[in-house]
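Enquirer: Would you mind keeping the following structure in view while I ask a few things?
Here you go:
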């Protein structure tokens with residue numbers, strides 16, 4: 130078990146979780162984009178499960194999370210959480226049919242090693258679904274401007290094409306994308322649309 134010391138999410142776990150209640154339309158818009166590529170069957174896991182919001186809605190029962198405080202809330206939602214980091218996943222090769230990772234890429238220390246590890250634990254014919262805040266989108270730009278935030282001051286957001294190239298390097302292929310948070314209407318759940326040319330949030334399907 131690998132623990133991250135001084136994880137900034139430990140101090141904001143409750144506030145982080147409450148954000149989803151205050152921003153339901155954004156959350157459910159992002160959720161619909163991830164669902165767009167979700168398989169109907171198979172054993173899955175969420176890397177960077179946080180407080181378990183996405184996993185619980187998607188019926189995913191396992192997760193990995195570096196923050197003890199975030200993991201505690203996820204466990205209250207019925208998620209079996211292993212404390213650890215994305216760059217060193219303590220699972221055997223080809224353990225899962227699918228993996229999801231939502232809004233985690235800006236916060237890992239080594240994104241390429243993360244994708245290598247995820248590729249390793251996915252079974253042949255399986256998939257990874259990455260939910261990401263597009264670097265050039267309105268939401269990511271807002272967070273990048275928060276230089277005084279303990280959570281966001283060191284975050285590294287990625288362009289979608291950059292992420293796809295990183296996934297290719299780790300062995301993935303068969304890419305498809307869909308996008309949401311185009312209108313940014315606080316009172317509307319947006320349905321995802323294909324590609325990644327205008328949405329702040331993009332889901333990427335990557336096949337093994």
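Residue numbers (the numbering used here): 130 to 337. C-beta: ideal position from N, C-alpha, C; glycine also.
1) Please determine, among 278, 136 and 302, the residue with the shortest C-alpha to C-alpha distance to residue 199.
2) Cutting at 6 Å between CB atoms, please list the residues of its own chain near residue 333, excluding the five before and the five after it.
3) For residue 138, count neighbouring Cβ atoms within 10 angstroms of its own Cβ and tell me buried if that reaches 16, exposed if not.
4) Give me whichever residues DSSP pairs with residue 176 in a beta bridge.
5) Would you say the segment 167-184 touches the segment 229-239, given that touching needs at least three Cβ pairs under 8 Å?
6) Short of 6 Å in beta carbon distance, which residues of its chain neighbour residue 146, apart from the five on each side in sequence? Order them along the chain.
7) Starting from residue 230, follow the beta strand (DSSP E) in both directions and report where the run begins and ends.
8) In three-state terms, what does DSSP make of residue 251?
9) Taking the beta strand (DSSP E) that residue 163 falls in, what are its first and last residues?
10) Could you work out which residue in 253, 325, 312 and 167 is closest to residue 288 when comparing CA atoms only?
11) With H, G and I counted as helix, E and B as strand and the rest as coil, what does DSSP make of residue 168?
12) Using only alpha-carbon positions, find the residue among 226, 272 and 266 that is nearest to residue 337.
13) With distances taken Cα to Cα, identify the nearest neighbour of residue 284 among 209, 304, 191 and 239.
14) Which ranges would you report for the alpha helix (DSSP H) in the segment 249-318 if only whole runs of at least 4 residues count?
Expert: Taking the structure as given:
1) Position 70 of the chain shown, counted from the start, is the residue given in the question as residue 199. The candidate whose alpha carbon is nearest that of residue 199 is 136.
2) As a first step, residue 333 must be located in the chain shown, where it is residue number 204. Excluding residues within five positions, the ones whose Cβ falls inside 6 Å are 259 and 306.
3) Counting from 1 along the chain shown, the entry for residue 138 is found at position 9. The residue is buried, with at least 16 neighbouring Cβ atoms inside 10 Å.
4) For the purposes of this step, residue 176 is taken as residue 47 along the chain shown, with counting starting at 1. For residue 176, which the question treats as bridged, DSSP gives the partners 193.
5) yes
6) The count along the chain shown starts at 1 and reaches residue 146 at position 17. If we look at residue 146 and ignore the five residues flanking it on each side, its Cβ neighbours are 180 and 202.
7) Walking along the chain shown from the start, residue 230 turns up at place 101. From DSSP, the beta strand (DSSP E) with residue 230 extends over 225-231.
8) Numbered from its first residue, the chain shown carries residue 251 at position 122. The answer is strand: DSSP assigns residue 251 an E or B state.
9) Translated into the one-based positions of the chain shown, residue 163 becomes position 34. Residue 163 -> not in any beta strand (DSSP E); alpha helix (DSSP H) instead, spanning 153-164.
10) If you number the chain shown from 1, residue 288 lands on position 159. Per the Cα distances, 325.
11) The residue labelled residue 168 in the question sits at position 39 within the chain shown. The answer is coil: DSSP assigns residue 168 none of H, G, I, E or B.
12) The sequence position of residue 337 within the chain shown is 208, counting from 1. If we check each option's Cα against that of residue 337, 226 comes out closest.
13) Working through the chain shown from its first residue, we reach residue 284 at position 155. Per the Cα distances, 239.
14) 267-273 and 289-298
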